[in-house]
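J.:
Numbering (our numbering), first residue to last: 234 to 707.
1) Look up residue 699 in the DSSP assignment and say whether it is helix, strand or coil.
2) Starting from the Cα of residue 454, find the closest Cα among 647, 688, 333, 372 and give me that residue.
3) What number of angstroms, rounded off, separates the C-alpha of residue 596 from the C-alpha of residue 378?
4) Run through DSSP, which three-state label would residue 669 get?
5) For the structure I just gave you, are there three or more beta carbon pairs, one from the region 656-673 and one from the region 549-567, closer than 8 Å?
6) From what residue to what residue does the alpha helix (DSSP H) around residue 704 run?
7) Return the CA-CA distance between residue 307 and residue 436, expressed in angstroms with no decimal places.
8) So what's residue 565 in DSSP terms, helix, strand or just coil?
9) Which stretch, first to last residue, makes up the alpha helix (DSSP H) that contains residue 538?
10) Let me know if residue 526 comes out buried or exposed under the rule of 16 or more other beta-carbons within 10 Å of its beta-carbon.
11) Identify every run of the alpha helix (DSSP H) within the region 321-365, keeping only runs that are complete inside it and at least 4 residues long; order them along the chain.
12) Tell me the residue span of the alpha helix (DSSP H) that contains residue 647.
13) Name the two residues that bound the continuous alpha helix (DSSP H) containing residue 472.
14) For residue 358, I'd like the list of residues in its chain whose CB is within less than 6 Å of its CB, leaving aside the five on either flank, ordered along the chain.
15) Taking residue 427 as part of the alpha helix (DSSP H), name the residues at either end of that continuous run.
16) Indicate whether the contact test is met: 3 or more Cβ pairs, each with one atom in the region 445-454 and one in the region 370-377, closer than 8 Å.
17) So, at 6 Å on beta carbons, what are the nonlocal neighbours of residue 591 in its own chain, with the 5 sequence-adjacent residues on each side left out?
18) Take residue 479 and list the residues in its own chain whose beta-carbon comes closer than 7 Å to its own, dropping the five residues that flank it on each side.
19) Can you find the residues in the same chain that come closer than 8 Å, C-beta to C-beta, to residue 511, ignoring five residues on each side of it along the sequence?
20) Only counting runs of 4 or more residues, tell me where the alpha helix (DSSP H) segments fall wholly within the region 565-620, in order along the chain.
21) Can you give me the C-alpha to C-alpha distance between residue 351 and residue 429, rounded to a whole angstrom?
22) Work out the CA separation of residue 649 and residue 582 for me, nearest whole Å.
23) Do residue 698 and residue 585 count as a contact pair if the criterion is CB distance below 9 Å?
24) By how many angstroms is the C-alpha of residue 528 removed from the C-alpha of residue 654?
25) Thinking just about the alpha-carbon of each residue, which of 543, 566, 672 is nearest to the one in residue 609?
26) Counting Cβ pairs, one atom from each stretch, are 3 or more of them under 8 Å apart for the region 471-491 and the region 389-401?
27) Cβ of residue 708 within 9 Å of Cβ of residue 587?
28) Tell me which same chain residues have a C-beta within less than 6 Å of the C-beta of residue 254, skipping the five on either side of it?
29) Should residue 273 go down as buried or exposed, given a rule of 16 or more other Cβ atoms within 10 Å for buried?
30) State the Cα-Cα distance for the pair residue 615 and residue 536, rounded to the nearest angstrom.
31) Can at least three beta-carbon pairs, one atom from the region 464-472 and one from the region 396-409, be found at a separation below 8 Å?
32) Would residue 328 and residue 477 qualify as a contact pair, given that the criterion is a beta-carbon distance under 9 Å?
33) Residue 383 by DSSP, collapsed to three states: which one?
34) Is the Cβ-Cβ distance between residue 547 and residue 673 less than 9 Å?
35) Using a Cβ-Cβ cutoff of less than 6 Å, which residues in the same chain neighbour residue 417 once the five nearest sequence positions on both sides are dropped?
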């Protein structure tokens with residue numbers, strides 16, 4: 234057998250093969266010096282890279298562990314206890330969905346015999362919803378200065394005081410100051426606390442927690458019309474507001490005992506500036522999405538407000554009108570869960586477009602021509618399933634458009650610009666005051682239909698700007 238040919242640096246070759254390449258030596262394989270050294274160098278670099286990567290991962294874990302050191306665990310019993318407080322804080326938002334019951338009572342009983350009282354009463358609910366969502370931008374800044382507990386106390390006092398004073402109103406403009414402005418600002422404070430604290434306590438069950446939080450609002454809106462109607466009939470509207478104020482004072486008191494941020498409040502100079510970055514408005518996709526929000530909001534508000542008014546206008550009872558609001562809210566509760574599941578599978582923008590198509594058909598085909606209780610029930614069930622779709626997809630779509638750094642500012646600016654939603658219902662109320670067609674609330678229904686149609690078209694434009702493929706998951 235011939236002797237194997239060794240490379241010039243055979244001593245180095247033999248030393249290395251003795252430690253890991255004996256097979257090559259025994260088989261007499263020729264290994265060029267450059268290739269051999271290159272392979273060894275690559276192995277050393279890979280090893281060094283793995284070491285650095287491992288070091289970086291270890292360092293990241295260490296920093297994260299230090300950042301969470303001493304903090305309560307997420308997704309645990311304490312998290313759900315705080316979550317329960319957060320759910321209670323979200324309950325008063327249901328007032329804005331049930332204000333149509335009070336407006337119907339005021340109009341039927343002629344409580345405020347003023348010129349254009351219908352238009353003025355409609356503005357009460359419009360302004361209330363506008364204050365709740367648009368003032369959320371300001372209360373977010375206030376949260377950075379005072380923390381959750383002080384903000385909750387101030388918000389509770391303002392909300393309860395506004396409700397109690399609403400019962401003493403002798404003119405519609407009194408309700409603007411008490412119910413819309415005072416109570417609306419207090420509810421905005423609670424909305425800020427509920428949505429800022431909850432995500433810090435959950436990781437694995439974060440979506441579930443948010444689903445419960447938005448769901449309890451609709452459950453409250455499902456029950457509240459019957460409570461308001463019953464008290465209006467027996468004790469009068471003044472006691473309706475007082476009982477609501479007492480009820481929410483109790484729920485907020487319970488929430489105050491359990492609600493707290495996972496990280497103890499610490500005032501950080503300049504923290505409030507994170508919610509005031511106007512450079513995100515350079516993103517045209519965000520502008521489109523921001524415009525969609527108030528349009529969809531006013532269309533939803535018109536359905537909740539004018540449905541009980543439409544019912545009594547065609548000869549139905551006030552109980553049937555309250556039932557329609559409850560059906561609308563109950564369908565909304567179910568629909569939000571379904572929309573969330575569908576959006577995860579087919580995309581948030583795609584799902585919202587489909588929901589707006591359904592809502593548009595429900596308004597133009599069912600509500601516009603509805604003259605019976607059964608037809609109104611069909612509309613309430615159909616429209617309710619999709620009316621809360623924007624609340625489900627708004628956060629993930631905004632996050633996708635601007636990313637994590639721009640999200641706080643984008644969310645704040647979006648809520649601030651929601652005040653524009655007041656113009657749709659105001660226009661509807663004005664046109665209804667001069668409605669001589671004989672068809673009750675025709676203009677309100679038409680304006681709602683135009684709103685959902687516009688929201689659908691703008692969302693379709695946004696979809697193709699984000700991804701021009703028809704079947705893309707956006």
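By construction, the Cβ of each residue, glycine as well, lies at the ideal position given by its N, Cα and C atoms.
T.: Looking at the atomic coordinates:
1) The residue labelled residue 699 in the question sits at position 466 within the chain shown. DSSP, read as helix, strand or coil, puts residue 699 in helix.
2) As a working note, residue 454 is residue 221 in the chain shown. Among 647, 688, 333, 372, the Cα nearest to that of residue 454 is on 333.
3) Counted from its first residue, the chain shown places residue 596 at position 363. Counted from its first residue, the chain shown places residue 378 at position 145. C-alpha separation (whole angstroms): 44 Å.
4) As a working note, residue 669 is residue 436 in the chain shown. Coil.
5) Of all C-beta pairs linking the region 656-673 to the region 549-567, fewer than three are shorter than 8 Å, placing the two stretches out of contact.
6) In the chain shown, residue 704 corresponds to position 471, counting from 1. No alpha helix (DSSP H) holds residue 704; DSSP gives it neither H nor E.
7) Residue mapping note: residue 307 aligns to position 74 of the chain shown, counting from 1. Residue mapping note: residue 436 aligns to position 203 of the chain shown, counting from 1. Linking residue 307 to residue 436 through their CA atoms gives a straight-line distance of about 7 Å.
8) On the chain shown, residue 565 is found 332 positions in, with the first residue counted as 1. DSSP places residue 565 in helix when its eight states are reduced to three.
9) Taking the chain shown and counting its residues from 1, one reaches residue 538 at position 305. Looking at the DSSP string, the run of the alpha helix (DSSP H) that includes residue 538 is 517-546.
10) Within the chain shown, numbered from 1, the residue matching residue 526 stands at position 293. Buried is the call here.
11) Scanning the region 321-365 from its first residue to its last, the whole alpha helix (DSSP H) runs of 4-plus residues come out as 327-342.
12) Numbered from 1 along the chain shown, position 414 holds the residue referred to as residue 647. 622-649 is the span of the alpha helix (DSSP H), which, as asked, contains residue 647.
13) Position 239 of the chain shown holds residue 472. Segment 470-491, the alpha helix (DSSP H) holding residue 472.
14) For the purposes of this step, residue 358 is taken as residue 125 along the chain shown, with counting starting at 1. Residues 332, 538 of the same chain have their beta carbon placed closer than 6 Å to that of residue 358, with the five preceding and five following residues left out of the count.
15) For the purposes of this step, residue 427 is identified with residue 194 of the chain shown, where counting begins at 1. First-last of the alpha helix (DSSP H) with residue 427: 417-434.
16) Note that the region 445-454 does not touch the region 370-377; fewer than 3 beta-carbon pairs, one per stretch, sit closer than 8 Å.
17) Within the chain shown, numbered from 1, the residue matching residue 591 stands at position 358. Correct list, in chain order: 619.
18) To locate residue 479, count along the chain shown from 1; it is residue 246. Cβ contact annotation for residue 479 (same chain, cutoff 7 Å, sequence separation greater than five): none.
19) Locating residue 511 in the chain shown gives position 278, counting from the first residue. If we look at residue 511 and ignore the five residues flanking it on each side, its Cβ neighbours are 642, 646.
20) Within the region 565-620, the runs of alpha helix (DSSP H) at least 4 residues long that lie entirely inside it are, in chain order, 581-594, 606-620.
21) Numbered from its first residue, the chain shown carries residue 351 at position 118. Numbered from its first residue, the chain shown carries residue 429 at position 196. Each residue's Cα considered, the two are about 37 Å apart.
22) Here residue 582 refers to the residue found at position 349 when the chain shown is read from its first residue. Here residue 649 refers to the residue found at position 416 when the chain shown is read from its first residue. Taking the straight line joining both Cα atoms gives about 22 Å.
23) Counted from its first residue, the chain shown places residue 585 at position 352. Counted from its first residue, the chain shown places residue 698 at position 465. It is not a contact, given that the beta carbons lie outside the stated cut-off.
24) Counting from 1 along the chain shown, the entry for residue 654 is found at position 421. Counting from 1 along the chain shown, the entry for residue 528 is found at position 295. Whole-angstrom Cα-Cα distance: 6 Å.
25) The residue labelled residue 609 in the question sits at position 376 within the chain shown. Closest by alpha carbon: 543.
26) Counting Cβ pairs under 8 Å, three or more are found: they touch.
27) Given that the chain is displayed from residue 234 to residue 707, the structure contains no residue 708 and the question cannot be resolved.
28) Position 21 of the chain shown, counting from 1, holds the residue named residue 254. Legend: pLDDT at residue 254 = 43, less than 50; position of this residue unreliable, no value from coordinates given.
29) The count along the chain shown starts at 1 and reaches residue 273 at position 40. Bear in mind that the predicted position of residue 273 carries a pLDDT of just 44, short of 50, making it unreliable; the figure below should be weighed with that in mind. By the beta-carbon neighbour count (other beta carbons within 10 angstroms, threshold 16), residue 273 is exposed.
30) Here residue 615 refers to the residue found at position 382 of the chain shown. Here residue 536 refers to the residue found at position 303 of the chain shown. Those two C-alpha atoms are separated by around 12 Å.
31) Below 8 Å, enough C-beta pairs join the region 464-472 and the region 396-409 to call them touching: three or more.
32) Here residue 328 refers to the residue found at position 95 when the chain shown is read from its first residue. Here residue 477 refers to the residue found at position 244 when the chain shown is read from its first residue. Result yes, Cβ atoms of residue 328 and residue 477 sit closer than 9 Å.
33) On the chain shown, residue 383 is found 150 positions in, with the first residue counted as 1. Of the three classes helix, strand and coil, the one that applies to residue 383 here is helix, per DSSP.
34) Translated into the one-based positions of the chain shown, residue 547 becomes position 314. Translated into the one-based positions of the chain shown, residue 673 becomes position 440. The beta carbons of residue 547 and residue 673 sit closer together than 9 Å.
35) As a first step, residue 417 is located in the chain shown; it is residue number 184 there, counting from the start. Taken in chain order, the residues that qualify are 361, 364, 365.
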